[in-house]
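Notes follow the structure.
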Amino acid sequence: MRTMIIGCGYVGLPLGAELVKLGHEVFGLRRSADGDEELKAAGIAPLHADITQPQTLATLPTDFDWVVNCAASGGGGPDEYRRLYLQGTRNLIEWFALGSAGVPPAVGAWSCEGTRRRDAGAPRFVYTSSTGVYGQNDGSVVKETSPTEPATETAKVLVETEKVLLAAAREQNFPAVVLRVAGIYGPDRGYLLKQYLKNEARIEGNGGRILNMIHRDDLIGAIIAALKNGRPGEIYNAVDDEPVSQFTFFQWLAGTLGKDMPPSAPEDAEANRKPGVTNKRVSNRRLKMELGYQFKYPNFRKGYTAEIMRLEAAGELDIEPRTGESA
Ligand SMILES: NC(=O)c1ccc[n+]([C@@H]2O[C@H](COP(=O)([O-])OP(=O)(O)OC[C@H]3O[C@@H](n4cnc5c(N)ncnc54)[C@H](OP(=O)(O)O)[C@@H]3O)[C@@H](O)[C@H]2O)c1
């Protein structure tokens with residue numbers, strides 16, 4: 307398939323490399339040329355544009371079979387979210403609707419199959435949203451049909467962005483699939499492990515809050531499964547099999563690395579009422595049942611074991627001995 311990846315960062319670049327290995331023709335879009343050599347080394351053809359600036363898209367080709375939008379704001383507040391995710395998504399829908407020549411496709415030309423005629427309109431489009439759209443704070447199981455009423459302004463923008471895509475799928479036959487992605491970890495990324503190794507991790511209260519994660523390799527696999535088999539207008543949670551409490555996560559790290567548990571942060575009675583602090587178990591049933599995805603790292607133990615082994619082999623695993631342990 308002729309595939310474009312918008313945002314070739316932590317996820318997009320290895321996703322592109324994997325698709326190249328699978329025999330696809332891959333283009334990678336970023337704003338600057340800084341990463342061009344890395345993209346080319348992976349067999350990805352670099353393209354440059356800013357999805358918040360529609361005029362920069364106008365001259366690019368649109369004849370793709372598959373498109374993945376995994377551009378990220380790299381932080382930023384609601385205004386930046388609105389610019390990149392919401393307006394960026396609207397710009398992309400319009401760009402594909404018109405085509406690079408500015409000519410709308412024939413009515414009904416957008417295909418809902420995994421493939422399409424090159425001149426037939428919009429490609430299969432996967433967007434990496436976030437499980438942050440679920441605002442639940444009661445430890446309940448959430449699935450794709452659960453309410454999305456997040457407390458933070460940034461997560462509200464992501465809900466709005468999803469609505470734009472789902473409406474385009476419903477009303478314009480735009481073949482968009484939404485993946486709601488949990489906390490990504492993997493090589494060189496894993497905030498909690500990094501904090502723990504630096505002795506900066508803290509357990510919140512009794513550590514009962516549930517964490518939802520996915521290894522980067524599995525996210526790449528889930529995106530490819532969604533490109534191949536995702537149903538336009540549908541949402542799939544991209545999260546591993548085992549939501550885990552903060553306490554259990556650190557207990558496993560402590561046991562595995564032979565290091566003390568992190569101290570508890572002073573009990574903050576308001577902590578669970580702070581906007582954005584969610585506590586939920588995100589279900590991956592649909593990803594597994596409908597897209598048939600099989601996880602390489604079905605839980606944090608498998609994924610973090612791989613990362614710890616990688617750090618160890620690279621000589622980068624710096625473990626302070628367990629305090630109070632005799633030499
Ligand atoms: N991190 C998480 O735990 C998490 C959780 C849920 C969902 N997600 C989602 O997962 C996806 C992948 O995230 P990631 O960690 O791979 O992000 P990343 O490493 O920060 O990469 C983001 C990429 O987007 C490009 N980009 C940023 N703004 C752009 C723009 N206006 N136009 C075109 N390209 C732009 C950046 O390149 P340039 O700077 O060169 O343009 C970069 O290549 C994102 O959609 C993110 O929102 C992440």
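For what it's worth, the numbering used here labels the leading residue of the sequence shown as 307, then goes sequentially.
We treat Cβ as the ideally placed atom computed from N, Cα and C, and that holds for glycine.
Small disclaimer: the values here were computed from a predicted structure and weren't measured.
| query | result |
| --- | --- |
| Y257 to L533 span [Cα, whole Å] | Since the first residue shown for the chain is 307 and the last is 633, residue 257 is missing from the structure and cannot be characterised. |
| A339 - containing beta strand (DSSP E), residue span | No beta strand (DSSP E) holds A339; DSSP gives it neither H nor E. |
| Same chain, Cβ closer than 6 Å to N535, neighbours up to 5 away in sequence not counted | L597 |
| P352, DSSP secondary structure in three states | strand |
| L517 Cβ short of 7 Å to ligand 1 heavy atom set | no |
| Residue interval of the alpha helix (DSSP H) (run including V465) | 459-478 |
| Heavy atom of ligand 1 within 7 Å of D603 beta-carbon | According to the sequence shown, residue 603 is Tyr rather than Asp. Answer for Y603: no, Cβ out of range of ligand 1. |
| Own chain residues within Cβ distance below 6 Å of G489, not counting five before or after | M519 |
| Helix, strand or coil at F370 [DSSP, three-state] | coil |
| At least three beta-carbon pairs within less than 8 Å, the stretch 440-457 to the stretch 583-595 | yes |
| Per DSSP, cross-strand counterpart(s) of F431 | V373, A482 |
| Nearest-angstrom beta carbon gap, K602 and N524 [assumed within contact, 8 Å] | For the record, residue 524 in the displayed sequence is Asp; it is not Asn. Right, their Cβ atoms sit about 6 Å apart. |
| R337: CB within 7 Å of a non-hydrogen atom of ligand 1 | yes |
| Proximity to I625 [Cα-Cα], best of R607, R389, N505 | N505 |
| Three-state secondary structure assigned by DSSP to E331 | strand |
| Alpha-carbon spacing of S379 relative to G394, whole angstroms | 11 Å |
| Cβ-Cβ separation, Q557 to R515 (assumed contact under 8 Å), whole Å | The Cβ separation is near 14 Å, so there is no contact. |
| Heavy atom of ligand 1 within 7 Å of Y599 beta-carbon | no |
| Those residues which DSSP pairs with V317 across a bridge | For V317, which the question treats as bridged, DSSP gives no partner whatsoever. |
| Pairwise C-alpha distance: P569 and V317 | 32 Å |
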